[in-house]
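Novice: Quick note: the sequence shown uses this note's numbering, first residue 22, plus one each step.
Input: one structure, supplied below.
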Amino acid sequence: MLCPRCKSPDTAVIDSRLSEEGRAVRRRRECPKCNHRFTTFERQELSSLIVVKRDGTREPYSRSKLERGVWLACTKRPVTQQKIDKLLTTLEEKWAANKQEVSSATIGTDVMKALKKLDQVAYIRFASVHREFKDVEEFKQEVGRLFK
């Protein structure tokens with residue numbers, strides 16, 4: 022593993038623990054060259070999961086791509102990395118258990134449901150992109166549904 026500070030290829034694992042309820046391994050590493058400490062995570066790859074886009078094209082599932090979108094929705098919100106990791110891991114297990122392919126619409130809907138429970142502002146932000154709100158009226162209607 023390369024050191025993020027000095028890019029030395031010789032880093033040592035100083036501690037390993039299970040995280041995300043045993044679904045990942047958290048490793049503390051130290052660079053012997055610059056003494057920088059950092060954390061890495063090891064997760065099972067869901068490479069066999071294919072996302073079917075709205076236009077019918079298919080692409081491999083990318084956790085990092087989805088995580089970026091969720092983090093954009095959660096910007097400046099009291100949401101932790103642990104909560105987002107748990108949210109994504111739970112959803113990935115659901116999608117992988119059902120089939121080899123999952124539609125982007127299903128992914129978006131499932132993420133919205135999870136965000137609605139986690140943080141309503143993040144939910145509205147994510148929904149505005151996923152549902153492609155055309156104007157303020159659609160935005161107001163969605164906010165109104167939160168209070169019903």
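For glycine and all other residues, C-beta sits at the position ideal for the given N, C-alpha and C.
Beta-carbon within less than 6 Å of Glu51's beta-carbon, same chain only, minus the 5 sequence neighbours each way: which residues are those?
Specialist: Closer than 6 Å at the Cβ level, and outside the excluded window around Glu51, lie Ala33, Ile35 and Arg58.
Novice: So the candidates are Val157, Glu153, Val142 and Phe147; which of them puts its Cα closest to the Cα of Phe168?
Specialist: For the residues Val157, Glu153, Val142 and Phe147, the minimum Cα distance to Phe168 belongs to Val142.
Novice: With which residues is Ile71 paired in a DSSP beta bridge?
Specialist: Paired residues: Pro81 and Glu122.
Novice: Find out if the Cβ-Cβ distance for the pair Glu80, Val72 is shorter than 8 Å.
Specialist: In contact: Glu80 and Val72 (Cβ atoms closer than 8 Å).
Novice: For Asp140, list the residues DSSP reports as bridge partners.
Specialist: According to DSSP, which records beta bridges pairwise, Asp140 is partnered with nothing at all.
Novice: Measuring straight from C-alpha to C-alpha, what distance separates His151 and Arg64?
Specialist: Cα to Cα, His151 sits roughly 27 Å from Arg64.
Novice: Between Pro53 and the rest of its own chain, which residues show a CB-CB distance below 7 Å, the 5 nearest in sequence each way excluded?
Specialist: Only Asp31 and Ala33 meet the Cβ criterion.
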